[in-house]
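Numbering (mature numbering (1 follows the signal peptide of the UniProt record, and there is no 0)), first residue to last: -25 to -1, 1 to 377.
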């Protein structure tokens, strides 16, 4: 099996916690590469993913590793830049011949990574990007255990239906214009049009913008009282500050890690967070019972509950583990072909996951058929995220439409 002993482009970080068993420590170590944006404008996503992976490896190796062998994940920095992603993937797939690559990358970078993986015929396991479009390209080597923009859009519209039972809803769209934000918003637009719901305004922006007063003002003047907002942490913080400056207090249904980032209460006025009923469509929330082992371990290390970014590649490490074990227990070598076949065979039940997913099982297109979303809302003075939707997983009722 290939070992990844050299850094490629950017920062290469080996994550390998101490093993708890001498026998495990003596067995041949399994080393797998992963890519993430650990620097650059969306560095928080990769930095949190790195922390999540570290906790996952502590748990995996403490529990016996992978078929009795310890697991190490070599993480490479892509800076969130598709050009850098291509350089890293080219090195890993064409020169190093990695048997499988774990992706903790944003959607724009994942698109480039998936393309290279397809050409090189190496499995690329995405645990971060939610772009549904990638699953529609007919790729054979791309697998995503993550939720998709399709499931996000369905969850948003079902929650909007709930709000519409309480009064008149005038929705507007606010979103960063990368494939991540725009892709989800496009699917929401289709669903709203099917229901005959008119959109008051649609305001895209670049995630590199640090002045969001113009798009926020556009939404405000449209008369919208509900804003469906797809964004990352940095632009969501900037946008919330713009709303507060304009005294604009819509009911916000957020999408992506930004609106639900655990740092939001430290970066934005907490009273304002509650004034806008800040909510987020997500694939993780720390109040879930099944996530408590991860949450407690993460809090002990970092003094804060884990973000969704941290959860994504904790989960991904376990999906990777399942594929590795499937291959080894069948008496096969860890090759790209064998690992692709193993990914198509795994079926991880929901009770073993830290997400609201019913399971992790891939269809022939690499889509996880068991993925599903929740909606969490900031409560308790804008200091705590509480799962409020759908009703079958809700811990509390969502705030009413003002």
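Each residue gets a CB set at the ideal place from its N, CA and C atoms; glycine is no exception.
Exercise. Just reading off the beta strand (DSSP E) that residue 289 is part of, what are its end residues?
Worked result: Premise fails: residue 289 lies in the alpha helix (DSSP H), 283 to 304, not in any beta strand (DSSP E).
Problem set entry | Ordered list of beta strand (DSSP E) runs contained in the region 196 to 265, each at least 3 residues | 201 to 205, 226 to 230, 254 to 257
For this session: Ignore the nearest five residues each way along the sequence and tell me which others in residue 283's own chain have a CB closer than 7 Å to its CB.
Result: 232, 235, 257, 258, 259
Exercise. So residue 52 is in the beta strand (DSSP E); what residue range does that whole segment cover?
Worked result: 46 to 52
Problem set entry | For residue 78, the first and last residue of its enclosing beta strand (DSSP E) | 76 to 79
Exercise. Run through DSSP, which three-state label would residue 5 get?
Worked result: strand
Problem set entry | Proximity of residue 381 and residue 255 at Cβ, strictly below 9 Å | Outside the shown range of the chain (-25 to 377) lies residue 381, about which nothing can therefore be said.
Problem set entry | residue -16 in three-state terms, based on DSSP | With a pLDDT of only 45 at residue -16, under 50, the local geometry of the prediction cannot be trusted, and the value read off the model is given with reservation. In this structure, residue -16 counts as coil in the three-state DSSP scheme.
Problem set entry | With 16 other Cβ atoms within 10 Å as the buried cut-off, status of residue 357 | buried
Problem set entry | Enclosing alpha helix (DSSP H) for residue 151 [first to last residue] | Not the alpha helix (DSSP H): residue 151 falls in the beta strand (DSSP E), residues 146 to 151.
Exercise. Taking DSSP as the reference, what is the three-state secondary structure of residue 361?
Worked result: strand
Exercise. When the Cα atoms are used, what is the spatial distance from residue 31 to residue 292?
Worked result: 6 Å
Problem set entry | Counted within 10 angstroms of its Cβ, other Cβ atoms place residue 20 as buried (16 or more) or exposed | buried
Problem set entry | Closest residue to residue 237 among 127, 280, 373 (Cα-Cα distance) | 280
Exercise. Since residue 160 is in the alpha helix (DSSP H), which residue starts that stretch and which ends it?
Worked result: 154 to 169
Exercise. Are the region 73 to 88 and the region 97 to 108 touching by the rule of at least three beta carbon pairs closer than 8 Å?
Worked result: yes
Exercise. Do residue 286 and residue 272 come within 9 Å of each other at the CB atom, strictly closer than that value?
Worked result: no
For this session: Alpha carbon to alpha carbon, how far is residue 72 from residue 362? Give it in angstroms, no decimals.
Result: 42 Å
For this session: Might you give, ordered along the chain, the residues of its own chain that have their beta carbon closer than 6 Å to the beta carbon of residue 157, omitting 5 neighbours on each side?
Result: none
For this session: Rank 277, 110, 270, 200 by C-alpha distance to the C-alpha of residue 253 and give the top, closest one.
Result: 200
Exercise. Taking contact to mean at least 3 C-beta pairs separated by less than 8 Å, is the region 186 to 197 in contact with the region 135 to 149?
Worked result: yes
For this session: Taking residue 267 as part of the alpha helix (DSSP H), name the residues at either end of that continuous run.
Result: 267 to 277
Problem set entry | Cβ-heavy atom distance, residue 103 to the ligand ZN, below 8 Å | Inclusion of the ligand ZN in the displayed structure is not the case, the ligand content being empty and no account of it being possible.
Exercise. Name the DSSP beta bridge partners of residue 118, please?
Worked result: 100
Exercise. Alpha carbon to alpha carbon, what distance is there between residue 241 and residue 308?
Worked result: 48 Å
For this session: Please name the residue, chosen from 246, 333, 274, that lies closest to residue 355 on a Cα-to-Cα basis.
Result: 246
For this session: Step through the CB atoms of chain B and report whether any lies within less than 9 Å of the CB of residue 237.
Result: The structure shown has no chain B; it contains just one protein chain.
Exercise. Got a sec, what are the start and stop residues for the alpha helix (DSSP H) residue 352 sits in?
Worked result: No alpha helix (DSSP H) contains residue 352, which is instead part of the beta strand (DSSP E) from 349 to 354.
Exercise. Below 9 Å between beta carbons: does that hold for residue 160 and residue 179?
Worked result: yes
Problem set entry | Euclidean distance between Cα positions of residue 213 and residue 371 | 28 Å
For this session: For the alpha helix (DSSP H) holding residue 57, just list the boundary residues, first then last.
Result: 57 to 65
Problem set entry | Reference residue 251, options 227, 82, 270, closest by Cα | 227
Exercise. Rounded to a whole number of angstroms, what is the C-alpha to C-alpha distance between residue 217 and residue 278?
Worked result: 29 Å
For this session: Mind checking which residues open and close the beta strand (DSSP E) that includes residue 178?
Result: 177 to 180
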